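Enquirer:
Number of protein chains: 2
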Amino acid sequence: MPQTIILNQRPVGKPKLTDFKSIITPLPVVGPGEVLLKAIHVSVDPYLRGRMSDAKSYLPPFELGKPLSSGMIAEVIESRNDNYSKGDYVFGLLPWSEYQSSDGSGLRKVDGQQAPLTAYLGILGLTGLTAYLGLSEIGKPKPGETVFISGAAEAVGSVAGQICKILGCRVVGTAGSDEKVELLKSQFGFDEAINYKTAEDLNKDIAKACPNGIDVYFDNVGGNISEVVFFHINSFARLIICGSIAIYNEISRPMSIAVQPFLIKKSALMQGFVVRDFAPKFPEAMQQIATWMAEGKLTYNETIVEGFDMIPQAFIDLFEGKNKGKMVVTI
Amino acid sequence: MPQTIILNQRPVGKPKLTDFKSIITPLPVVGPGEVLLKAIHVSVDPYLRGRMSDAKSYLPPFELGKPLSSGMIAEVIESRNDNYSKGDYVFGLLPWSEYQSSDGSGLRKVDGQQAPLTAYLGILGLTGLTAYLGLSEIGKPKPGETVFISGAAEAVGSVAGQICKILGCRVVGTAGSDEKVELLKSQFGFDEAINYKTAEDLNKDIAKACPNGIDVYFDNVGGNISEVVFFHINSFARLIICGSIAIYNEISRPMSIAVQPFLIKKSALMQGFVVRDFAPKFPEAMQQIATWMAEGKLTYNETIVEGFDMIPQAFIDLFEGKNKGKMVVTI
Chain Y
115 MPQTIILNQR PVGKPKLTDF KSIITPLPVV GPGEVLLKAI HVSVDPYLRG RMSDAKSYLP
175 PFELGKPLSS GMIAEVIESR NDNYSKGDYV FGLLPWSEYQ SSDGSGLRKV DGQQAPLTAY
235 LGILGLTGLT AYLGLSEIGK PKPGETVFIS GAAEAVGSVA GQICKILGCR VVGTAGSDEK
295 VELLKSQFGF DEAINYKTAE DLNKDIAKAC PNGIDVYFDN VGGNISEVVF FHINSFARLI
355 ICGSIAIYNE ISRPMSIAVQ PFLIKKSALM QGFVVRDFAP KFPEAMQQIA TWMAEGKLTY
415 NETIVEGFDM IPQAFIDLFE GKNKGKMVVT I
Chain R
115 MPQTIILNQR PVGKPKLTDF KSIITPLPVV GPGEVLLKAI HVSVDPYLRG RMSDAKSYLP
175 PFELGKPLSS GMIAEVIESR NDNYSKGDYV FGLLPWSEYQ SSDGSGLRKV DGQQAPLTAY
235 LGILGLTGLT AYLGLSEIGK PKPGETVFIS GAAEAVGSVA GQICKILGCR VVGTAGSDEK
295 VELLKSQFGF DEAINYKTAE DLNKDIAKAC PNGIDVYFDN VGGNISEVVF FHINSFARLI
355 ICGSIAIYNE ISRPMSIAVQ PFLIKKSALM QGFVVRDFAP KFPEAMQQIA TWMAEGKLTY
415 NETIVEGFDM IPQAFIDLFE GKNKGKMVVT I
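In order, the protein sequence lines correspond to chains Y and R.
Under my numbering, the residues of the first sequence are numbered 115 to 445, in order.
Under my numbering, the residues of the second sequence are numbered 115 to 445, in order.
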């Protein structure tokens, strides 16, 4: 019987399995103009943690007792809509249901011949767009500048780093294991990478890895690493605040050194980046990413977890850094 | 005998009189191409506190045992330079010396007929430029938006507020006394003003004064007020970080709530503003300010302290909020 995963209770601190609940839902009836979708690949992402809280944000909170949702690749298994045929694959921000009907709004067909289907959840999806548009709209890295990336081995960070290398920058990143540090240098072409978990003196390590200071900071993590980065920013630095995974689970409001004096001293800019704000630029950005991929200039990793009922655990594992690149659940 | 004020020791925390020292210096000899200047009005400003520390910033630190310097209106009392005549008044960033020679570089003639000479240290000087360019380059207020200004009764804040009223915004400010709060509403046309020192619940007061949230924050103060403001910013808010007087004197690095989650939630921008970065835009900005003044749309206050040897005390008094508007020492 088809499953749907709902929000059972709002997580307090770190999410746990009992925050989620799997329920049985009947196979939907396909009305006129509708399609029946079968979930194939489901994206789990740190930003979903924000929507599990009750607080207003750039997306509305998930409702208690209602299905959660995220980016999904689904197969059209029945169609009463002229725009879709049986066998089509589509991308959409869809509820975590094994089967669902849709009137087609918000869906986009994807081509499994052109790229693996999971790529549309990652480098050819919001991940790639986030990396590209965060850089082009806020970071604006110039050749020869130093770009520092936190969470560099993750989905967004690894793409951002490769783009900056294409643009002629010095690229330095942090990651949470020696294996990831090695990957950053060998697979993604980073100039230097730092294991922030084993670093004895992160401040010294950053100074050594960034002898000319930091011009662009692509921040996927927040927390302690960001505090140290402020001591190394150059005049007119641009700080892309893209994620705060380090503090998403904090129950009280996390404290930090006051950043205002650093911003004034360095005439620096710090901007919260939400990729959806730049939707009109998606086609142009996607084109550039696809071109670089075709030229072999961009590579990516993904961690595939199997089984619809593994979605909650895969999400929880994000906060343990158990993924390498994009985390995808395949049904 | 002519006096010069030097930096005797670097202040630790709040500056005190013994951090400064007055020394006697001989009347300078005027070489070919030079002018002899007599100090008339000296500007004291919170940002000077930063230069008294040893830390690198956008301006080099003052040197121990050497004269301090700031904006000054001086009279040319002898000239061997074709560009200046005896009796001219000039503005320059000049050492705190009663008399000094200059080759004229960095000086700008000012016209005491067009405006009071002290105005060139304030509304027609860096104060006015800071307010205008902070808004035009970062804040970009639009008609109907709400602008929140900390340190609103001070030199920069009061000009910024008036400009935003001219532009058709709702303007709300904070100040540190009931008298200043009254001034903001009666003299400067603010829609609402809050005495942050006596506020029982600043959060509630801001919510009430800004029912539609805050679109632009002109921050002259930093510290606790800024923390509360973050809870009220709207999507796409712009935060002009212009001054941190509340924490200039802190000995340890002040802590604050982490701002990154707010910036992401609201796609907000926060930028350190240093007026000198925008020097090419000074003439255009100055023209606009002069026009508004001529139209009677801008007014200002100044606190005049008399006597060259009062410069250190006047500077110290800034941190007690003893000034109303621009603080000027007249010799």
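Just so it is clear, CB atoms sit at the ideal spot from N, CA and C, and this is done for glycine as well.
Note that this is a predicted model, so its numbers are computed, not measured.
Ile403(Y): buried (16+ other C-beta within 10 angstroms of its C-beta) or exposed?
Expert: Per the 10 Å Cβ criterion, buried.
Enquirer: Would you call the region 294-310 of chain R in contact with the region 238-251 of chain R, where contact means no fewer than 3 C-beta pairs closer than 8 angstroms?
Expert: Too few Cβ pairs lie closer than 8 angstroms, so no.
Enquirer: Mind pulling the chain R residues with CB within less than 7 angstroms of Asp168(Y)?
Expert: Per Cβ cutoff of 7 angstroms: no residues; Asp168(Y) is ~13 angstroms from chain R at best.
Enquirer: By a C-beta neighbour count over all protein chains shown, 10 Å radius and 16 as the cutoff for buried, is Pro426(Y) buried or exposed?
Expert: Per the 10 Å Cβ criterion, buried.
Enquirer: Between Asn195(Y) and Gly147(Y), how many whole angstroms is the CB-CB distance? I'm expecting something under 8 angstroms.
Expert: Going by Cβ atoms, the distance from Asn195(Y) to Gly147(Y) rounds to 5 angstroms, so yes, they are a contact pair.
Enquirer: Look up Lys294(R) in the DSSP assignment and say whether it is helix, strand or coil.
Expert: Looking at Lys294(R) - three-state DSSP - the assignment turns out to be helix.
Enquirer: Could you tell me the distance, in whole angstroms, from the CA atom of Ala321(R) to the CA atom of Ser358(R)?
Expert: Cα to Cα, the separation comes out at about 23 angstroms.
Enquirer: DSSP puts Leu150(Y) in a beta bridge; with which residues?
Expert: Leu150(Y) is bridged to Glu192(Y), Ser215(Y).
Enquirer: Would Ile445(Y) be called buried (16 or more neighbouring beta carbons within 10 Å of its own) or exposed?
Expert: So Ile445(Y) counts as buried.
Enquirer: Please return the same chain residues whose Cβ sits closer than 8 angstroms to the Cβ of Phe344(R), not counting the five positions on each side in sequence.
Expert: Here the set comprises Ile371, Val373, Phe376.
Enquirer: Please confirm whether Thr288(R) and Ala266(R) have their CB atoms less than 7 angstroms apart.
Expert: Contact: yes.
Enquirer: Below 8 angstroms on the Cβ atoms is my guess for Gly275(Y) versus Ile263(Y); work out the distance and round it to an integer in Å.
Expert: Going by Cβ atoms, the distance from Gly275(Y) to Ile263(Y) rounds to 5 angstroms, so yes, they are a contact pair.
Enquirer: Which same chain residues end up closer than 8 angstroms to Met400(R) when comparing Cβ atoms and leaving out the 5 residues on each side of it in sequence?
Expert: Contacts found: Leu238, Gly242, Leu243.
Enquirer: Go through the region 361-440 of chain R residue by residue and report every complete run of the alpha helix (DSSP H) that reaches 4 residues or more, in order.
Expert: The region 361-440 of chain R contains these whole alpha helix (DSSP H) runs: 374-379, 396-408, 425-432.
Enquirer: With distances taken from CA atoms, which of Gly220(Y), Tyr161(Y), Lys411(Y) is nearest Phe387(Y)?
Expert: Of the candidates Gly220(Y), Tyr161(Y), Lys411(Y), the one whose C-alpha sits nearest the C-alpha of Phe387(Y) is Tyr161(Y).
Enquirer: Below 8 angstroms, how does it come out for the region 173-193 of chain Y and the region 132-149 of chain Y: are there three or more Cβ pairs, yes or no?
Expert: Touching, per the Cβ criterion.
Enquirer: Any chance the CB of Ala351(R) is under 6 angstroms from a heavy atom of the ligand COA?
Expert: The ligand COA is absent from the structure shown, which contains no ligands of any kind.
Enquirer: Taking only three categories from DSSP, how would you classify Thr312(Y)?
Expert: It is coil, neither helix nor strand.
Enquirer: Does the CB of Ile371(Y) have a neighbour CB from chain R at under 7 angstroms?
Expert: For Ile371(Y), the answer is yes, since a Cβ of chain R falls inside 7 angstroms of its Cβ.
Enquirer: In angstroms with no decimal places, state the Cα-to-Cα distance between Ser349(Y) and Val342(R).
Expert: Between Ser349(Y) and Val342(R), the C-alpha separation is close to 28 angstroms.
Enquirer: Does Leu383(Y) come within less than 7 angstroms of chain R when only Cβ atoms are used?
Expert: Judged by the 7 angstroms Cβ criterion, Leu383(Y) is in contact with chain R.
Enquirer: Can you check which of these residues, Phe205(R), Ser136(R), Asn437(R), Pro394(R), is closest to Tyr414(R) by C-alpha distance?
Expert: Taking only the C-alpha atoms, the option nearest Tyr414(R) is Asn437(R).
Enquirer: Who are the neighbours of Leu377(R) on chain Y, taking C-beta pairs under 7 angstroms?
Expert: Those are Ile355, Met384, Gln385, Gly386, listed as they occur along chain Y.
Enquirer: Near Gln385(R), which residues of its chain fall below 6 angstroms by C-beta distance, leaving aside the five closest residues on each side in sequence?
Expert: Around Gln385(R): Ile252.
Enquirer: Taking Cβ to Cβ, would you say Pro116(R) is nearer than 7 angstroms to Leu141(R)?
Expert: Going by C-beta atoms, Pro116(R) is nearer than 7 angstroms to Leu141(R).
Enquirer: Counting only beta-carbon atoms, is Pro368(R) nearer than 7 angstroms to chain Y?
Expert: Taking Cβ atoms only, chain Y reaches closer than 7 angstroms to Pro368(R), which makes this a yes.
Enquirer: My output table needs one value for Tyr331(R): the three-state DSSP class, helix, strand or coil.
Expert: Strand at Tyr331(R).
Enquirer: So, does the CB of Gly248(R) fall closer than 7 angstroms to a CB anywhere in chain Y?
Expert: It does not: the Cβ of Gly248(R) has no partner Cβ on chain Y nearer than 7 angstroms.
Enquirer: Can you give, in chain order, each stretch of the beta strand (DSSP E) that sits fully within the region 254-279 of chain Y and has at least 3 residues?
Expert: Qualifying beta strand (DSSP E) stretches, in chain order: 260-263.
Enquirer: Can you check whether the C-beta of Ser358(Y) is within less than 7 angstroms of a C-beta belonging to chain R?
Expert: Closer than 7 angstroms to some Cβ of chain R, the Cβ of Ser358(Y) qualifies, so yes.
Enquirer: Taking the alpha-carbon of Gly290(R) as reference, which of Met407(R), Thr405(R), Leu432(R) has the nearest alpha-carbon?
Expert: Looking at the Cα atoms, Leu432(R) is the closest of the given residues.
Enquirer: Who does Lys135(R) pair with in a DSSP beta bridge?
Expert: In DSSP, Lys135(R) forms a bridge with Ile120(R).
Enquirer: Are the beta-carbon atoms of Asn334(Y) and Gly271(Y) separated by less than 7 angstroms?
Expert: In contact: Asn334(Y) and Gly271(Y) (Cβ atoms closer than 7 angstroms).
Enquirer: Once the 5 residues before and after Ile354(Y) are set aside, which same chain residues still bring their CB inside 8 angstroms of it?
Expert: Excluding sequence neighbours, Ile354(Y) sits near Gly248, Leu249, Ile252, Gly253, Val330, Tyr331, Phe332, Asp333, Gln385, Phe387.
Enquirer: So, is Pro174(R) buried or exposed, given that buried needs 16 or more other C-beta atoms within 10 angstroms?
Expert: Under this definition Pro174(R) is an exposed residue.
Enquirer: Please go through the same chain and pick out, in chain order, the residues whose beta-carbon is closer than 6 angstroms to the beta-carbon of Thr417(R), but skip the five residues on each side of it.
Expert: Excluding sequence neighbours, Thr417(R) sits near Asn437, Lys438, Met441.
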